[in-house]
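**Q** Protein chains in written order, with this note's numbering: chain A, 1 to 100; chain B, 1001 to 1508; chain C, 2001 to 2186; chain D, 3001 to 3629. Below you will find the structure I want to go over with you.
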Amino acid sequence: MITLTHYLVLAAILFSIALVGILRRKNLLMLFFATEIALNAVNIAFSAISKYYGDLTGQLFAFFIVAIAASEVAVGLGLLIIWYKRRGTIDLDSLQSMNG
Amino acid sequence: MDHILSLLVFFPALAGMLGFIVKKENIKVYGITVATIEFVLSLILWLVFDPSNGGFQFVEFIPLIPNYGINYYLGVDGISLFIIILSTFITLVGLISLNIEKNLKNMIISLLFLEMTMVGVFVALDAVVFYIFWELSLVPMLYIIGYWGGELRVYAAIKFFLYTFFGSLIMLVGMLFLAYLYYLATGTISFAIPDWHRLILPYDYQIWLFLAFFLGMAIKVPMFPFHTWLPYAHGQAPTIGSVILAAVLLKMGTYGFVRFLLPIFPDASVALIAPIAFLSIVMVIYTAMVAYAQEDMKQVIAYSSISHMGVIVLGTFAMNVEGIAGSIFLMISHGIVSGALFMLVGNIYDRRHTKLLSEFGGLASVMPKYATIFGIVLMASVGLPLTIGFVGEFLSLMGIYKISAAYAFLGGTGIILGAAYMLRVYKLAFFGPLTNEKNKNLPDLNWKELTSLVSLVAVIIWLGVNPNPVLKPINASVESMLQLMEKKAITKEAKDIFAHNKVELEAK
Amino acid sequence: MVEAVAFYLFAALTIAMFAITVMSKNVLYSMSSLAAGMIFISAFFFLLDADFLGVVQIIVYSGAVMALYAFGMMFFDATKDVKEKNPSKKIVFFLSGMIALLLVIILLSPIISEKVKALYPMSEEVGNAEAVGVVLFTKYLVPFEVAAIMLLVAMIAGIILASKRMDESITLKIDQEIEKEQKGEL
Amino acid sequence: MEKYLLIALFSPLVGSLFAALFGAKPKRLLTGIVTSALLFVSLISSLILLVHIASSDDIVRVKLFDWITVGSLNIPFGFVADQVSVIMMVTVTTVSALVHVYSIGYMEHDKGFNRFFSYLSAFVFSMMVLVMSDNFAGLFIGWEGVGLCSWLLIGFWYHKKDETRDINPSISPSWAANEAFIMNRIADLGMLLGLFLIYWHVGSLQYDVVFAHVDLLNIGLVTLIGIFLFIGAMGKSAQFPLHTWLADAMEGPTPVSALIHAATMVTAGVYLVVRAFPIYSQIPDIGFFIASLGAFVAVFAASMALVNTDLKRIIAYSTLSQLGYMFVAGGLGAYWIALFHLMTHAFFKALLFLGAGNVMHAMNDELNIFKMGGLHKVMKYTAILMIIASLALAGIYPFAGFFSKDKILEVAFDSQHYILWFMLWLGAGMTAFYSFRLIMLVFFGEERYKKYGFHPHEAHWYMLLAMAPLAILAIIAGFFEESFEHFVTKILPEYHFHVHGIVTVALIGVTTLIALSGIAFAIYKYSKGGFSEKWKEHPIYKLLYNQYYIPIIYEKVFTEPYKELSKIAWKELDLRVVDATVDFIANVVYKSGFAGRVVQSGNLSKMLRWMVIGLLVLIVLVIVYSPVR
């Protein structure tokens, strides 16, 4: 029997994979990918909870997350392209102008 | 008359906002007009004030956040009434004597804003409102010191701001906790000070809360050893800044003592008389000595301010009518006198652009009017009878004598040491031969300076000869406060003190 | 039983896909595996009776988002292997591992489910898409509209950002260039 | 009668304010005339009151309005003219009216003419407040008021610069003024404490309430009150060890010295003891201490007068010495005798000072008596007046000093304090000697002033005329002894002598003898050219000449260490410890900010790592503080 816990653990694992990506990769594009994974992991958790508590709110939350992810990709990619045009690289370490 | 307090608080600020659209040439007249109206309003307040009523009058109450007991709650009693009048009076006098060219408009607007915060602090009966005004008062002062000050102005301004701000934050924590305790005791949260006055707290809580409040206020007073921001602030501030700082802003601290510490924590206050008296006495003697060593005229007066504030604190913790009423009167008199002294130093600074005592000498022969007024104010400062300075000092020391003769004696050394450093200044600046060439053609006071100073001198002598109109309302309020404290006292020590802290005729 | 098999199968697939996404040096591989992972995730939604969400997942993620990425990648040199100087892997894996471990611990612990009361209970009579639609257009109408506006804004922003002639944009010039320009060097 | 009381009190104030109007203006003779006239008004009112009280025994009381009302404290502006205060009023107004007239001449060339009269009349007002007040607080107002005026008047010639002690032992007028003020403040603190003590145990500061209540207080308390009040009296009356200011106060104009530092203000301490007799008669031990201190000062001050060369300082020491006599009488319970001596002393000492003023005027403010001599030829009247004053001071029959001073010696003998009596007796001899040393050196002998190129001249006729009444009083005042006693003992306690007849006569004889021999010795010695120069090298001479080195000791022990300490307090303690601590805390915060700045390197991947670490910490916290266990 697959319980809520199964789903949640799966979500946790996926989220950790995303974290690995966020931490490990320096390529901004890869960071975007990792972010998507993290969002999806959370989505799974939401819909699982929604199902096991019999409440639609979780699903709707996931739905809005998808919307946000889509917008994020649109804007983020735009910015990324600009950056690439100007600098010729999308390496994270090149984003150093915020030096404190 | 229902909303006279709101009018008093917000009129200067609103008028200050309007000041932005006033032409540059007219701004000074505008400022003086506003301050005069404000002053007249405060006098009207006094006129309609019922001196025999010890409670709060002209109370205004508008709920702001009722769930958390935060309300727009104003009121005035004998304790705050005269400090309000002092604030408006000093602002007016300061504006008249204002002698600044640089960005005059901003100066006058900040002064009017400052006036709002000062009056606001003294009329607030809700701790949150009190705290808001308390903190807001830092902003214009920071600007005044930081923009118009001397060479080290930024350092001085930041030190002033951060130091006092630090203290107030601890006080804020105290306030929040007190409101929480109120909630535990009654089931509703309240930030109203009169509500807190009725709250009887356990002794341990009292001590800790007392310390939290005390720290915030002690820095403002400033009590030794939290006083070091003051000489810098005074040394760097423009004349008007020093005048208002010494005359009114320092009084917020001692006013807080009377308004919060004594009635809310009577047992803790009694328990901590000894350490506080010790600090005050150190403050009196030590700063008097430091004042004696100063080479800069303004610094002498800055340190003398601290020294006198020590006597005020002593009087406050005398826990009897004489002492507390005396200390409140001393707050007013110190406001007038130190304001006048700073103004006088400002006058000479405007002429010579130096405040170093070594630059002066023999000024009495070139500036006789100046010397005369300085002399009168000086005598008020050292507490000569029939000047305003005596009444408060006499009563404060008399009050603390009942607690302990030693405190009164040690605090009283202030009158000797005070005479020593003030007379030293007077001798160095005004007496002796006129040696410095630059001083030979100094002009005497002009009408602008004379107006402001003479009005201060008039108050000095009037309230010195006839302090009763002021003392009567103070007396009524202090008496009712002491009754409250006596009723609230829980420890034996406090009960003893309140029961015996009055004249007791002895029979053989 | 079918459910269990499906869950484990898709779980393994998703994890594998995403692992490839994260570890691969080639961006194209990463993207492809990400797209695949997304589709596999929608399987969970179907398993969880969230049909509508599953469909949205496939359409939005695998369709729109991945298309965006694909187009975006055309701007970059995607054929090259990504060269990164990675910091110590130990820290990365330690942190992620710890978080995973702790999350699992948290999630394995029993949840007090009795107290949770459904706000919008699922009904058996109507289909999932219908139920979602009802809730979405009644209770969540305002957020929905806001989300729509957000998407619109994001779309416009994306277009403008990607299409503008970057060489002359003042807003994005870095300070040095502005200075140079002021000095008349540019 | 209330009307006269108020006129007597306020007319000096009116005069003072009138003169103050012209304060900074050039000399106006009018100010001098108006203030003097108003003082005569005051004098006449006081006399009317005196006659009224003497004839009807009616005590006049006036209450103007409440001054301070707080708690149970109520201090009114209340004034009383009873037997004691009316005597003081008459004495004060007499001397001050005459001094005012005299000053018109004395200050005629001074730039601060108007200012001077303003201060002088203000002084008289304060003194009247002091003596007429019906409560201790009012007394304190006058007490401080006369202190203020004394400060203003000692420092009247403020423009003079500071000298070393060798050139001018008082350093400068402004220095002397400050010294006087601060010294008095020290004593005032004692007095204030006394007032507090009275208030907290009696609940009032009104004389009648306090004195009615004294019997009920326990004796320790009364002793303490007595001590505190006497500390106040010590300052104002310049008793040891607070005496140094009086000699330095001679820096003020001479009329000031005559009025303030001889006749009136310095006797305020005696007045206080007399006024507070119900307290002091309860505590004879303190009384004896006061008497002992008085006797000590009587001899101590007289010894310094023996060798001094400064005309005014000699008279100042003699004042000090006479104040000692008064305290002996007061301390031993002979209050009316103290008051009597106070009055006669006021007359002849003012006369002496005014005479000295004439001499100074004639000698262009030269004060060294060794630069004078033979002046009687040019200043005949002054010489006569000063000799009258000196005879009175020495206590020769029939001059006023004889009656009052002799009574004090009798009291000392009668109360069986023979040591005190002996000291006073010795003092009487010394007094006679230095008085006539002064007369001889100034008015007789070789005309040394010619060597220094002085051209002395007699003073204005009205100055001499102003002195004449004082001279007459110095001669005849003694004969009012009986009526004076009768008058004031309606309030003050009588002093009952135990020795009578032959012993009294013998005492008078012995005292007169030593006074006469003192005079004779002075005349003999100084008609022959005085003591040899060798005497000046003698350690005793130096000790006396340098006032027992007390001013120097004070400077080394109190003033200079205080200056040093305050420098240390400021530069070391305040700046280096207190302020540095504050700055240190600020610096720690500032520095830790700098240290923590590394975190914000701007590198995104590092930031991400920090973020994840933060996340980890949060999750750990969630686990640790989880509400679900």
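Here a beta-carbon is modelled for each residue, glycine too, at the ideal position from N, C-alpha and C. Small disclaimer: the values here were computed from a predicted structure and weren't measured.
So the candidates are D:A3428, D:H3201, D:S3045, D:V3617; which of them puts its Cα closest to the Cα of L3216 (chain D)?
**A** For L3216 (chain D), the nearest C-alpha among the options comes from D:H3201.
**Q** Listed in chain order, which residues of the segment 22-56 of chain A have Cβ atoms closer than 8 Å to some Cβ of chain D?
**A** Going along the segment 22-56 of chain A in chain order, one finds I22, L23, K26 with a Cβ nearer than 8 Å to chain D.
**Q** Where does T3 (chain A) land, buried or exposed, given buried means 16+ other C-beta within 10 angstroms?
**A** Per the 10 Å Cβ criterion, exposed.
**Q** Measure from the alpha carbon of G3530 (chain D) to the alpha carbon of each residue in D:V3442, D:M3467, D:F3484, then state which is nearest.
**A** Ranking the options by Cα distance to G3530 (chain D), first place goes to D:V3442.
**Q** Is there a C-beta anywhere in chain B that falls below 7 Å from the one on K3567 (chain D)?
**A** So, interface residue.
**Q** In chain C, what lies closer than 7 Å to L8 (chain A) by C-beta?
**A** Result: L2107.
**Q** Would you say the segment 1454-1463 of chain B touches the segment 1310-1318 of chain B, given that touching needs at least three Cβ pairs under 8 Å?
**A** Result no; under three Cβ-Cβ pairs closer than 8 Å.
**Q** So, using beta-carbon positions, are I65 (chain A) and L39 (chain A) closer together than 7 Å?
**A** Yes, the pair counts as a contact, with Cβ atoms nearer than the cut-off.
**Q** Just checking: is the beta-carbon of T1228 (chain B) within a distance shorter than 7 Å of some beta-carbon in chain D?
**A** So, interface residue.
**Q** Where does the unbroken alpha helix (DSSP H) through W3143 (chain D) begin, and where does it stop?
**A** Looking at the DSSP string, the run of the alpha helix (DSSP H) that includes W3143 (chain D) is 3136-3154.
**Q** Using 10 angstroms around the beta-carbon of M1319 (chain B), count the other beta-carbons present and answer buried if the total reaches 16, otherwise exposed.
**A** By the 10 Å Cβ count, M1319 (chain B) comes out buried.
**Q** Could you tell me the distance, in whole angstroms, from the CA atom of A3302 (chain D) to the CA atom of L3544 (chain D)?
**A** When rounded, the distance between both Cα atoms is 10 Å.
**Q** Have a look at A1157 (chain B) and V1173 (chain B) and give me their C-alpha separation to the nearest angstrom.
**A** When rounded, the distance between both Cα atoms is 24 Å.
**Q** If the criterion is Cβ atoms closer than 7 Å, does the pair A3468 (chain D) and A3350 (chain D) meet it?
**A** Against a cut-off of 7 Å, the Cβ pair of A3350 (chain D) and A3468 (chain D) comes out as no contact.
**Q** From this set, B:L1445, B:K1251, B:L1471, which residue's C-alpha is nearest D1350 (chain B)'s C-alpha?
**A** Selected option, being the one with the closest Cα: B:L1445.
**Q** How is F3065 (chain D) classed by DSSP in three states: helix, strand or coil?
**A** DSSP places F3065 (chain D) in strand when its eight states are reduced to three.
**Q** Can a CB atom of chain D be found closer than 7 Å to the CB of L4 (chain A)?
**A** Judged by the 7 Å Cβ criterion, L4 (chain A) is not in contact with chain D.
**Q** Go ahead and label F3594 (chain D) buried or exposed: buried means 16 or more other beta carbons lie within 10 angstroms of its beta carbon, across all protein chains shown.
**A** By the 10 Å Cβ count, F3594 (chain D) comes out exposed.
**Q** Using only CA atoms, which one of B:Y1072, B:E1115, B:Y1147 lies nearest to L1104 (chain B)?
**A** Nearest option by C-alpha distance: B:Y1147.
**Q** Report the start-end ranges of each alpha helix (DSSP H) in the segment 3471-3543 of chain D that is 4 residues or longer and not cut off at the edges.
**A** Those alpha helix (DSSP H) runs which fall completely within the segment 3471-3543 of chain D and span 4+ residues are 3481-3488, 3502-3527.
**Q** Which of the three DSSP states is assigned to V2027 (chain C) in this structure?
**A** Here V2027 (chain C) sits in helix by DSSP.
**Q** What do you reckon, are the CB atoms on G2158 (chain C) and G78 (chain A) nearer than 7 Å?
**A** Contact flag set, yes.
**Q** Just curious, the beta strand (DSSP E) that I1065 (chain B) is in, first and last residue?
**A** Element bounds for I1065 (chain B): 1057-1065.
**Q** Who are F2969 (chain D)'s beta bridge partners in DSSP?
**A** Chain D is shown only over 3001 to 3629; residue 2969 (chain D) falls outside these bounds and no answer can be derived.
**Q** For A1124 (chain B), which beta-bridge partners are listed by DSSP?
**A** In DSSP, A1124 (chain B) forms a bridge with B:L1074.
**Q** Tell me, please, whether the CB atom of S94 (chain A) is closer than 7 Å to any CB atom in chain C?
**A** With 7 Å as the cut-off, S94 (chain A) does not count as an interface residue toward chain C.
**Q** Under the rule that 16 or more other beta-carbon atoms within 10 Å means buried, what is E3002 (chain D), buried or exposed?
**A** Exposed.
**Q** Does any CB atom of chain D fall closer than 7 Å to the CB of Y1401 (chain B)?
**A** Yes - at least one Cβ of chain D is within 7 Å of the one on Y1401 (chain B).
**Q** Is the CB of I65 (chain A) under 7 Å away from at least one CB in chain C?
**A** With 7 Å as the cut-off, I65 (chain A) does not count as an interface residue toward chain C.
**Q** To the nearest whole angstrom, what separates the beta carbons of V3266 (chain D) and K3236 (chain D), a pair I think is in contact under 8 Å?
**A** The pair is a contact, with the Cβ atoms about 7 Å apart (cut-off 8 Å).
**Q** Would you mind working out which of D:Y3562, D:F3433, D:I3439, D:D3414 sits nearest I3384 (chain D), comparing C-alpha positions?
**A** For I3384 (chain D), the nearest C-alpha among the options comes from D:I3439.
**Q** Show which residues of chain D have a CB atom less than 7 Å away from the CB atom of I2160 (chain C).
**A** Correct list: empty, because the minimum Cβ distance to chain D is about 24 Å.
**Q** Helix, strand or coil: how does DSSP classify L1356 (chain B) here?
**A** Reduced to three states, the DSSP call for L1356 (chain B) is strand.
**Q** Return the bridge partner residues of V3070 (chain D) from the DSSP annotation.
**A** DSSP lists D:L3073 as partners of V3070 (chain D).
**Q** Here's the rule: buried if 16 or more other CB atoms are within 10 angstroms of the residue's CB, otherwise exposed. What is D1267 (chain B)?
**A** Burial call: buried.
**Q** Q3322 (chain D) bridges to which residues according to DSSP?
**A** Per DSSP, none; premise fails for Q3322 (chain D).
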